[in-house]
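S.K.: Chains as they are written, first to last, in my numbering: chain C, 1 to 184; chain R, 185 to 368. Ideal Cβ positions, reconstructed from N, Cα and C, are used throughout, including at glycine. One structure follows; several queries about it will come next.
Number of protein chains: 2
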Amino acid sequence: MKTDSNSNLGFALLGLLWQSPRSGYDLRKFFSATPMMSFSDSPGAIYPALRRLEQRGFIRGQAEGARRRKIFQLTPRGRSEFRRWQTQPITRQDVVRNCDALVLRFAFMDQSVGKRDCLRFLKSFQRELLQYLPGLREYFRTNRRHMPASGRLALQNGIEAYEGNLRWTEVAIRTYRNQKGGSS
Amino acid sequence: MKTDSNSNLGFALLGLLWQSPRSGYDLRKFFSATPMMSFSDSPGAIYPALRRLEQRGFIRGQAEGARRRKIFQLTPRGRSEFRRWQTQPITRQDVVRNCDALVLRFAFMDQSVGKRDCLRFLKSFQRELLQYLPGLREYFRTNRRHMPASGRLALQNGIEAYEGNLRWTEVAIRTYRNQKGGSS
DNA sequence: TAGTCCATGTAAGATGTTACATGATTCA
DNA sequence: TGAATCATGTAACATCTTACATGGACTA
């Protein structure tokens, strides 16, 4: 157990280091400069996370240049761990409490797994959304009368977010279907 | 400093206890039974959180009935702390990294602040979204060519989520505008 | 040579997770 | 009486936040 002990931040770091080897400082700059991810760029988060990844054998760092800069890159174990995380089955809990993490899992898929696994992921995501949404809508329909305006609107916001994700899976699946080739 | 030391869970508990006094067990059941919030229903999260709220003087609990059940309710300090949290200014950071927390802040507004503050919140949320989105779209436009399909789609997912929130603020603002009365 | 980046780190504290523990009450 | 449910709790562990610390390199 506890094989999945990396945090979202840890996996985001693995994904970025898979793209290209970088230093902790590079990663911090990436988080603060690009609007892509909402992770902290604080040294107190990044550097300890990198050390943990290194201790677990997922990345390896070596000093470089004059400034005591340390460049990290993935090890084979890190790559297989990252793929394991990406391709593990999508649970209802993932959809209910962690949609952002699901999108993060998908964000780096092109570089690590094949078109087949991308599509498998998207369809599984879509399936879970289709199973979860009816219950949500039903709850809304039966309770909206007794809810104050702000509560009702907040619930609506949540439902619309799931519906947005559902439409997104449809577009994404079409994108991959129309793509030629693929594999890995 | 550190006046805002409550977590999202803490504030969610305050909001629910404002609705009606409950026990920790009731709150756990609420989290596991309703699809409204994605908080943990684990005792290891709820009970320590309740004790912290009590220590800080935001809630007060008293034993009830045979089963050693403890019913919590908000103190005046708890109510004012909750309102303070809800009405504090919306920052760009809130929008970038914590949209869920913003919706949570709004979810209980009807019971704690007036229509005026609800509208102020929604317009402020809308303003921040309108300021943030153009940069996101610009980043997407200039970088889409160099991004792998999965990365591009993940970014699109993020942008669409913000657009969904923006549309939601419009609907919500209209809802409150068309409401008669209000205040408190 | 003073200030500003670069680059990494640590320490204290809060919170959350998982797993385990405890005892009362209800019901078959 | 045994099982399920009610109801609360603790302990170990991992992670993140904030704030502070350090020192090299570049540049005005």
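Give the straight-line distance between the Cα atoms of ASN157 (chain C) and GLU54 (chain C), rounded to the nearest whole angstrom.
M.R.: Spanning the two alpha carbons is a distance of roughly 40 angstroms.
S.K.: Could you tell me the distance, in whole angstroms, from the CA atom of ASP110 (chain C) to the CA atom of GLY228 (chain R)?
M.R.: C-alpha separation (whole angstroms): 38 angstroms.
S.K.: Within the 8 angstroms Cβ cut-off, does PHE309 (chain R) reach chain C?
M.R.: No, no contact with chain C.
S.K.: Quick check on DSSP: helix, strand or coil for LYS2 (chain C)?
M.R.: Reliability fails at LYS2 (chain C), whose pLDDT of 43 lies under 50, so the model's placement of it is uncertain and no value is given.
S.K.: Could you tell me whether the Cβ atoms of SER150 (chain C) and PHE214 (chain R) are closer together than 8 angstroms?
M.R.: Taking 8 angstroms as the Cβ cut-off, SER150 (chain C) and PHE214 (chain R) do not qualify as a contacting pair.
S.K.: Mind listing, in chain order, the continuous alpha helix (DSSP H) runs of no fewer than 4 residues lying wholly within the region 139–168 of chain C?
M.R.: None, since the region 139–168 of chain C contains no complete alpha helix (DSSP H) of that length.
S.K.: Just to confirm the assignment: which complete alpha helix (DSSP H) runs, minimum length 4, are found wholly within the region 6–54 of chain C?
M.R.: With a minimum length of 4 residues, the continuous alpha helix (DSSP H) runs that stay inside the region 6–54 of chain C are 8–19 and 24–33.
S.K.: Against THR359 (chain R), what residues of chain C qualify as contacts under a CB-to-CB distance less than 8 angstroms, listed in chain order?
M.R.: Residues of chain C passing the Cβ test: ALA149 and LEU153.
S.K.: Does the structure place the region 243–252 of chain R close enough to the region 303–321 of chain R that three or more beta carbon pairs sit under 8 angstroms?
M.R.: As far as the Cβ criterion goes, the region 303–321 of chain R does not touch the region 243–252 of chain R, which means the pair count is below three.
S.K.: Mind listing which residues of the region 286–306 of chain R have their C-beta closer than 7 angstroms to chain C's C-betas, in chain order?
M.R.: Hits within the stretch, in order: VAL287, PHE290, ALA291, PHE292, MET293, ASP294, GLN295 and CYS302.
S.K.: Looking at chain C, is there any beta carbon in it that lies within less than 8 angstroms of the beta carbon of ALA356 (chain R)?
M.R.: Interface residue, yes.
S.K.: Taking C-alpha atoms, which residue in C:SER40, C:ALA101, C:GLN62 and C:ALA49 lies nearest to ILE71 (chain C)?
M.R.: For the residues C:SER40, C:ALA101, C:GLN62 and C:ALA49, the minimum Cα distance to ILE71 (chain C) belongs to C:GLN62.
S.K.: Buried or exposed for GLU128 (chain C), please, with buried defined as at least 16 other CB atoms from any protein chain shown within 10 angstroms of its CB.
M.R.: Per the 10 Å Cβ criterion, buried.
S.K.: When DSSP labels each residue in this structure, what does ALA63 (chain C) get in the three-state scheme?
M.R.: Here ALA63 (chain C) sits in strand by DSSP.
S.K.: Here's the rule: buried if 16 or more other CB atoms are within 10 angstroms of the residue's CB, otherwise exposed. What is GLU265 (chain R)?
M.R.: Classification of GLU265 (chain R): buried, given that the 10 Å Cβ count is 16 or more.
S.K.: Compute the Euclidean distance between the alpha carbons of VAL121 (chain C) and ASN362 (chain R), then round it to the nearest angstrom.
M.R.: At residue 121 (chain C) the sequence reads Phe, which differs from the Val that was named. Taking the straight line joining both Cα atoms gives about 43 angstroms.
S.K.: Give, in chain order, every residue of the region 313–325 of chain R whose Cβ lies closer than 7 angstroms to some Cβ of chain C.
M.R.: Taking 7 angstroms as the Cβ-Cβ cut-off against chain C, the residues of the region 313–325 of chain R that qualify are GLY319, LEU320 and TYR323.
S.K.: For LEU102 (chain C) versus ILE90 (chain C), is the C-beta spacing smaller than 8 angstroms?
M.R.: Cβ distance < 8 angstroms, so LEU102 (chain C) and ILE90 (chain C) count as in contact.
S.K.: Which parts of the region 74–151 of chain C are runs of the alpha helix (DSSP H), unbroken and 4 residues or longer, counting only runs that do not cross its ends?
M.R.: Complete alpha helix (DSSP H) runs here, min 4: 76–87, 92–97, 99–107, 109–112 and 115–143.
S.K.: Determine the contact status of LEU50 (chain C) and GLY15 (chain C), defining contact as a CB-CB distance below 8 angstroms.
M.R.: Cβ atoms of LEU50 (chain C) and GLY15 (chain C): not closer than 8 angstroms.
S.K.: Taking all protein chains shown into account, do 16 or more other C-beta atoms lie within 10 angstroms of the C-beta of LEU339 (chain R), making it buried, or fewer, making it exposed?
M.R.: Burial call: buried.
S.K.: With a threshold of 7 angstroms on Cβ separation, who are the neighbours of ARG144 (chain C) within its own chain once the five nearest residues in sequence on each side are excluded?
M.R.: Closer than 7 angstroms at the Cβ level, and outside the excluded window around ARG144 (chain C), lie ARG152.
S.K.: If we cut at 8 angstroms on Cβ distances, does SER38 (chain C) have a partner in chain R?
M.R.: Yes - at least one Cβ of chain R is within 8 angstroms of the one on SER38 (chain C).
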